[in-house]
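Undergrad: Residue 52 in the UniProt record's numbering sits at position 52 of the sequence shown; the count goes up by one each step and never skips. For glycine and all other residues, C-beta sits at the position ideal for the given N, C-alpha and C.
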Amino acid sequence: MPIINRIAEFHDDMTAWRRDFHQHPELNFQEVRTAGIVAEKLREFGCDEVITGIATTGVVGVIRGRGEGGAIGLRADMDALPIHEESGVPHASVTPGVMHACGHDGHTTMLLGAARYLAETRNFSGTAFMIFQPAEEMGGGGEVMVKEGLFERFPMDRVFGLHNWPGAPEGTFLWRVGPVMAAVADIRITVTGKGAHGAMPHQGNDPIVIASQIVTAFQSIVARNVEPVEAGVITIGKIEGGMAFNVIPEVVNLRGTARWYLPEVGDILESKVRALATGIAAAYGAEAEVHFDRMYPATINEEASTALAAEAARAVAGDAKVERLPKPTMGGEDFSFMLNAKDGAYLMLGAGRSPEDPQVHHPRYDFNDAVLPLGASWWATMVERQLPRRG
């Protein structure tokens, strides 16, 4: 069973939808236009129910098959990134400083394509929930949907997600059991010393020197505290302090991220970040205020669900184009909140970009429209295989 013929027939429609979404990107919890179009199309397709306003701008379409059966959820994210687009494509963003640089326009479109096909054919028994989630990038929309009762309002056996993966060959599905993406924390540290003239450092307490010592000390946290076969990352990506070349500032702000897979590793990273930052500052007679905010847990694929997802991928793409992801990524994903609450799996779909091409979160990135019918066919095949028609 390759790409579903009916879905291939409206490839041009999906391309137009995707490029319209790309041209009109919206940030987290502001996806008003996008959600409106999604809801309008779901009603146009003939979904049995279309529920809006979940997690502010989330949408759920309900499609019932021919007869009683189980239920599964299919999830796509809708939000864009605060990046000024430089792709130069005709359908480039018309909103300054905002663009679809992660392919969520494609994710939304592929799920809409599957919804159109499933609502037309209903070649299954049970219920398929089309979940269009807001605010994946920075707002934790997946967590908000779960907290607002997604799985209580829409009881389902499993939930599945799909992400475009530009570095993999076009049309290749990548699967992995266990951790597939990392847990994420936001690190914010304020170091407060004492300002002074740059020519009279003895009259002050230089927070730039102290902050530098803290950043250097952080490099030993993973190397000397985490078991070598496990994974962890601490990166300080932003340092702010000072207004003039000859003035020692009063305050320096550090901003960074931590990543891990195992919860106990996350505990180590947090405790060491706090201990080192406050301890080093205190040793210099200064203060450090530390915030270690855990944003997303690790994205963990359940074994049986992953097998079902990979089986559907083989049915659509063929055995040769379904591969095990050799190692997880340290990127973060808030679909993890759904997988913490419900069995499911998260797969990658290769977009066929070379290492020299712009990748996700790049100002010149654009989703590969060639894979739209493939992703939509995978969604639809998941429903038809997991909820087979009875009688």
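Excluding the 5 residues flanking Y346 on each side, which residues of the same chain have their C-beta closer than 8 Å to its C-beta?
TA: Cβ within range, chain order: F160, G161, L162, H163, V180, M181, T299, N301, E333, F335, L339.
Undergrad: Would you kindly check if the distance between the Cβ of L174 and the Cβ of A380 is under 8 Å?
TA: No, these two residues do not count as a Cβ contact at 8 Å.
Undergrad: My understanding is that I83 touches P363, with C-beta atoms under 8 Å, so please give their C-beta distance in whole angstroms.
TA: 5 Å between Cβ atoms; contact.
Undergrad: Are the beta-carbon atoms belonging to M14 and T109 less than 8 Å from one another?
TA: The answer is yes: Cβ separation under 8 Å.
Undergrad: List the residues that DSSP assigns as beta-bridge partners of G350.
TA: Answer is W165.
Undergrad: So what's I268 in DSSP terms, helix, strand or just coil?
TA: I268 falls in the helix class under three-state DSSP.
Undergrad: Once DSSP output is grouped into helix, strand and coil, what is the label at E40?
TA: Of the three classes helix, strand and coil, the one that applies to E40 here is helix, per DSSP.
Undergrad: Answer with buried or exposed for S220, where buried requires no fewer than 16 other C-beta atoms within 10 angstroms of its C-beta.
TA: So S220 counts as exposed.
Undergrad: Could you give the DSSP three-state label for T57: helix, strand or coil?
TA: Coil.
Undergrad: Kindly list the residues whose CB is nearer than 7 Å to the CB of D186, restricted to its own chain and excluding five residues on each side of it in sequence; keep chain order.
TA: Contacts found: T257, D293, M295.
Undergrad: Return the bridge partner residues of W17 from the DSSP annotation.
TA: DSSP output for W17 lists no bridge partner at all.
Undergrad: Taking C-alpha atoms, which residue in E31, G113, I63, C102 lies nearest to D12?
TA: It is G113 whose Cα lies nearest to the Cα of D12.
Undergrad: Just checking my contact of P166 with Q359 at CB under 8 Å: how many whole Å lie between their CB atoms?
TA: Indeed, because the Cβ distance is near 5 Å, the residues count as touching under 8 Å.
Undergrad: What three-state label does DSSP hand G204 in the structure shown?
TA: In this structure, G204 counts as coil in the three-state DSSP scheme.
Undergrad: Counting only the same chain and skipping the five closest in sequence on each side, list residues whose C-beta sits under 6 Å from that of A277.
TA: So the qualifying residues of the chain are I189, I214, A288, V290.
Undergrad: Pick out whichever of L150, W17, T52 has its Cα sitting closest to the Cα of I72.
TA: Residue L150 is the option with its Cα nearest to I72.
Undergrad: What residue range is occupied by the uninterrupted beta strand (DSSP E) comprising A182?
TA: That run of the beta strand (DSSP E) goes 178-192.
Undergrad: Are A35 and F132 touching if we call contact CB-CB under 8 Å?
TA: A contact, by the Cβ cut-off of 8 Å.
Undergrad: List, from N- to C-terminal side, the alpha helix (DSSP H) runs of 4 residues or more that fit wholly inside the region 260-338.
TA: DSSP runs (the alpha helix (DSSP H)) wholly in the region 260-338: 263-283, 303-317.
Undergrad: Which ranges would you report for the beta strand (DSSP E) in the region 61-87 if only whole runs of at least 3 residues count?
TA: You should have 71-77.
Undergrad: Could you tell me which residues DSSP pairs with K238 in its beta bridges?
TA: K238 is bridged to R255.
Undergrad: Is it a yes or a no for the region 218-233 touching the region 259-268, going by three-plus beta-carbon pairs under 8 Å?
TA: Touching, yes.
Undergrad: Q386 by DSSP, collapsed to three states: which one?
TA: Helix.
Undergrad: Are the region 371-378 and the region 2-12 in contact at 8 Å, needing three or more beta carbon pairs?
TA: Output reads yes: the region 2-12 touches the region 371-378.
Undergrad: When the Cα of F124 is compared with those of E68, G142, I51, which residue comes out closest?
TA: Comparing Cα positions, the closest option is E68.
Undergrad: Quickly, what does DSSP pair W379 with across the bridge? List them, please.
TA: Note: W379 sits in no beta bridge, so no partner.
Undergrad: Taking the straight line between their C-alpha atoms, what separation do you get for F21 and K342?
TA: Cα to Cα, the separation comes out at about 29 Å.
Undergrad: Nearest-angstrom Cα distance between I4 and T121?
TA: Approximately 12 Å between the Cα atoms of the pair.
Undergrad: Over the uninterrupted beta strand (DSSP E) stretch that includes L174, give me the two end residues.
TA: 173-175 is the span of the beta strand (DSSP E), which, as asked, contains L174.
Undergrad: Return yes when the Cβ of H104 is within less than 8 Å of the Cβ of R19, no when it is not.
TA: Contact flag unset, no.
Undergrad: Taking E264 as the reference, which of A183, E85, L81, P96 has the closest Cα?
TA: The candidate whose alpha carbon is nearest that of E264 is A183.
Undergrad: Given a cut-off of 8 Å on the beta-carbon distance, is the pair V252 and A199 in contact?
TA: Contact flag unset, no.
Undergrad: Over what stretch of residues does the beta strand (DSSP E) that includes I4 continue unbroken?
TA: Looking at the DSSP string, I4 is not in any beta strand (DSSP E), and its letter there is neither H nor E.
Undergrad: Within the same chain, show all residues whose beta-carbon is closer than 7 Å to that of G352, passing over the 5 residues directly before and after it, in chain order.
TA: The answer, listed in chain order, is P169, E170, N368.
Undergrad: Classify H11 as helix, strand or coil using the three-state DSSP reduction.
TA: Of the three classes helix, strand and coil, the one that applies to H11 here is helix, per DSSP.
Undergrad: Give the secondary structure of V247 by DSSP, where H, G and I count as helix, E and B as strand, and everything else as coil.
TA: V247: strand per DSSP, three-state reduction.
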